[in-house]
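Numbering (the working numbering), first residue to last: 1 to 180.
Built from N, CA and C at the ideal position, the CB exists for glycine as well.
Written out below as structure tokens is the structure these notes cover.
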């Protein structure tokens with residue numbers, strides 16, 4: 001059989017990078033659907049979305065970045081400039097890996113938001129908005145959650161201690177007024 005030309009290799013690499021992109025996006029999307037629908041389920045918020053899916057995404061990211069560094073060496077140019085980053089991200093594999101980086105960390109943040117919102121009793125519409133926005137626009141969803149927890153609970157700490165009785169009453173009152 002004839003050997004693939006450099007042009008054929010580029011096409012195959014683009015198709016493979018696209019496939020990697022599709023697989024990581026699909027895995028993240030399915031995990032996010034589970035997280036939005038079942039944020040109080042320990043297996044979803046702690047295990048699947050807090051550890052398993054981010055770990056798999058991190059493995060994919062590390063494999064691609066390691067492969068590209070081995071293949072091409074350090075990035076050419078100055079990655080501390082927009083032009084330099086644009087040059088690095090021109091490679092479909094590097095771009096797909098960079099997107100996987102976002103998917104991984106947004107999932108970790110989303111899992112924390114889900115656990116924290118359930119623990120604090122943040123009303124489901126507000127919790128759902130924060131989770132969906134974290135998936136679509138990471139920092140915006142995180143900001144919504146932080147504002148919600150500050151407004152509803154006056155809570156700044158991110159620990160797992162149970163809320164105080166006075167703030168529990170305040171949040172229960174808010175939930176009951178939003179349900180009517």
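Give the DSSP-derived three-state secondary structure of residue 141 in the structure shown. Residue state, collapsed to three classes: helix.
**Prompt:** Can the beta-carbon of residue 31 be found closer than 9 angstroms to that of residue 49?
**Reply:** In contact: residue 31 and residue 49 (Cβ atoms closer than 9 angstroms).
Helix, strand or coil for residue 78 per DSSP?
The answer is coil: DSSP assigns residue 78 none of H, G, I, E or B.
message: For a test of the three-state rule: what should DSSP assign to residue 168, helix, strand or coil?
response: Unreliable placement is indicated for residue 168, whose pLDDT of 49 sits below 50; no coordinate value is reported for it.
Who are the near neighbours of residue 21 in its chain, counting only those whose CB is closer than 6 angstroms to its CB and skipping five residues on each side?
-> Hits under 6 angstroms: 96.
Original post:
For residue 90, which three-state DSSP category applies?
Top reply: Looking at residue 90 - three-state DSSP - the assignment turns out to be coil, as it is neither helix nor strand.
Check: Within the chosen definition, does the region 102-117 reach the region 32-48 through at least 3 CB pairs nearer than 8 angstroms?
Finding: Contact check between the region 102-117 and the region 32-48: three or more CB pairs, one atom from each, fall below 8 angstroms, which counts as touching.
Worksheet item: Between residue 100 and the rest of its own chain, which residues show a CB-CB distance below 6 angstroms, the 5 nearest in sequence each way excluded?
Response: The answer, listed in chain order, is 24, 57, 60, 61.
| field | 8 angstroms CB neighbourhood of residue 110 in its chain, flanking five on each side removed | value | By the criterion of a C-beta distance shorter than 8 angstroms, residue 110 is surrounded in its chain by 32, 35, 49, 131, 134, 135, 141, once the five residues flanking it on both sides are discounted.
Beta-carbon proximity list for residue 126, same chain, < 6 angstroms, skipping 5 on both sides: Around residue 126: 148.
Practice prompt. Using 10 angstroms around the beta-carbon of residue 139, count the other beta-carbons present and answer buried if the total reaches 16, otherwise exposed.
Written response: With fewer than 16 other CB atoms across the displayed protein chains lying within 10 angstroms of its CB, residue 139 is exposed.
**Q.** Which of helix, strand or coil DSSP assigns to residue 119
**A.** Helix at residue 119.
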